[in-house]
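A.B. asks:
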Ligand code: FES
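Residue numbers (my numbering): 1326 to 1624.
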C-alpha cells in the first residue's frame, strides 16, 4: 500500500472511529487553519514590505504591547521568513488535522500557534473572552487531550510510512501556499489599499490631498501603516493597526469611521480615534504628521 492510499484509508477510518465531539473540533479547527493559510497566501501585501498588511508591520505593531514584545522585535529583521513559516504551517496543521496525519503533533502545533498569537496580539483584549486566540488555544488543547486519550493515535510515529505521509502533507501545504499566491484577493477585499509614499519623511503633497480626503501610507519611522486625514484646520493621522487583534482598519466615508474588517471594531478619527464599536476599548495609536511647506511630512 503506497503512502497516498495509506493517507486516504487512515483519514476514512479516523473519521468513522472518532466520536462526534472530536469530529466537530477536528472539522472546525482543520478548516479554519486551512482558511487562515489561504487568507495569508492570497493577500498580495502579506509578504510585501511597505504594504499595509505586511507581516513585518503587524509584528511591529504587536511588539508594542505584547508581553513577548522582546521576542517579536527580534523577528522583525526576518519578518518575511516568519510570514512564510506561519502561512505554510497553518496549511500543514489544517491539512494534517483533516487527513489525520500525525494528528497529535498537528494539534500541538495548533495549540502552540494559538498561544503565540494570544501572547502577541490579543493578550490585552478585555474582557478576555473576546480574544479568539485564547479560545482556539483551549480548543486545540482539548482536541490534543482527546487524541492522546485515544491509544490508536500515537503522538509520534517514526515508521517510514509515517514520514512519507507527513512529507506529503508538507508538499500539499507548500502547493496550497503557491496556489494562494497565484490567486490573489481582489483589491476590494484587501483590508486597505497600499499607497506609494514620497521619499524621506514626505508623505504627500498638500495640493494632492484636498480637505475632507484621506491617504493611506506607511510611517517610515514607526513602520506601521497609517491613515492621514486633512480637514479645514490641518492634518492628523492614526495607525491603521486595529487595537483588537491587529487587522488593518480602513476609513469609511459614509459613516466617518475607521472600520476594522475582522471583527467590526470602529474608531472615530474626529474624536482622537477612540473605539466606538466592537471588541476593543483602546483608541488607535496617533501617528505624528504636520504640514511643511508644500508637503505633509512625518513629524
Ligand atoms: S482585529 Fe478584531 S476588530 Fe479589529
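The beta carbon of each residue, even a glycine, is placed where N, CA and C say it ideally should be.
Give the DSSP-derived three-state secondary structure of residue 1453 in the structure shown.
C.D. replies: Note: residue 1453 maps to helix in three-state DSSP.
A.B. asks: Taking 6 Å as the limit between beta carbons, can you name the residues of its chain near residue 1534, skipping five residues before and five after?
C.D. replies: So the list reads 1540, 1555, once near-sequence residues are dropped.
A.B. asks: At a threshold of 6 Å, does residue 1623 count as lining ligand 1 (C-beta to nearest heavy atom)?
C.D. replies: No, since every heavy atom of ligand 1 falls outside the 6 Å radius drawn around the Cβ of residue 1623.
A.B. asks: List the whole-angstrom C-beta distance separating residue 1606 from residue 1451, where the pair is believed to meet the contact cut-off of C-beta under 8 Å.
C.D. replies: Indeed they touch by this definition, with Cβ atoms about 7 Å apart.
A.B. asks: Between which two residues does the alpha helix (DSSP H) containing residue 1387 stretch?
C.D. replies: That run of the alpha helix (DSSP H) goes 1380-1388.
A.B. asks: Answer with buried or exposed for residue 1524, where buried requires no fewer than 16 other C-beta atoms within 10 angstroms of its C-beta.
C.D. replies: With a pLDDT of only 46 at residue 1524, under the threshold of 50, the placement of this residue in the model should not be trusted, and no figure is reported.
A.B. asks: Given this structure, state the Cα-to-Cα distance separating residue 1447 from residue 1577, to the nearest angstrom.
C.D. replies: Cα to Cα, residue 1447 sits roughly 24 Å from residue 1577.
A.B. asks: Decide if residue 1504 is buried, meaning its Cβ has at least 16 other Cβ atoms within 10 Å, or exposed.
C.D. replies: It is exposed - the Cβ of residue 1504 has fewer than 16 other Cβ atoms within 10 Å.
A.B. asks: Taking the CB atoms as reference points, tell me whether residue 1538 and residue 1619 lie closer together than 7 Å.
C.D. replies: Cβ atoms of residue 1538 and residue 1619: not closer than 7 Å.
A.B. asks: Provide the residue(s) that pair with residue 1602 in DSSP beta bridges, ordered along the chain.
C.D. replies: Partner(s): 1591.
A.B. asks: What are the uninterrupted segments assigned as alpha helix (DSSP H) that are 4 or more residues long and contained completely in the stretch 1343-1371, given in chain order?
C.D. replies: DSSP runs (the alpha helix (DSSP H)) wholly in the stretch 1343-1371: 1345-1366.
A.B. asks: In this structure, how does DSSP classify residue 1617 when only helix, strand and coil are distinguished?
C.D. replies: Correct three-state label for residue 1617: strand.
A.B. asks: Assuming residue 1609 is part of the alpha helix (DSSP H), what are its boundary residues?
C.D. replies: Careful: residue 1609 lies outside any alpha helix (DSSP H) and carries neither H nor E.
A.B. asks: Identify which residue in 1599, 1570, 1551 has its Cα closest to the Cα of residue 1623.
C.D. replies: Per the Cα distances, 1551.
A.B. asks: Going by the C-beta, is residue 1569 closer than 6 Å to any heavy atom of ligand 1?
C.D. replies: Because some heavy atom of ligand 1 lies under 6 Å away, the Cβ of residue 1569 counts as near it: yes.
A.B. asks: Can you name the residues that DSSP bridges to residue 1553?
C.D. replies: DSSP, once it has assigned bridges, lists 1540, 1562 as partnering residue 1553.
A.B. asks: Considering only residues of the same chain and omitting the five flanking positions on each side of residue 1461, which have a CB-CB separation below 7 Å?
C.D. replies: Excluding positions up to five away in sequence, the list reads 1439.
A.B. asks: Can you tell me which of 1401, 1341, 1345 puts its alpha carbon nearest to the alpha carbon of residue 1381?
C.D. replies: Ranking the options by Cα distance to residue 1381, first place goes to 1401.
A.B. asks: Helix, strand or coil for residue 1420? Go by DSSP, reduced to three states.
C.D. replies: Helix.
A.B. asks: According to DSSP, simplified to helix, strand and coil, what is residue 1573?
C.D. replies: Residue 1573: strand per DSSP, three-state reduction.
A.B. asks: Whole angstroms are fine: how far does the CA of residue 1621 sit from the CA of residue 1603?
C.D. replies: So the alpha carbons of these two residues sit roughly 31 Å apart.
A.B. asks: Pick from 1497, 1543, 1369: whose alpha carbon is nearest that of residue 1507?
C.D. replies: With distances taken between Cα atoms, residue 1507 lies closest to 1369.
A.B. asks: Let me check understanding here. Comparing Cα to Cα, which of 1557, 1360, 1528, 1610 lies closest to residue 1415?
C.D. replies: Residue 1360 is the option with its Cα nearest to residue 1415.
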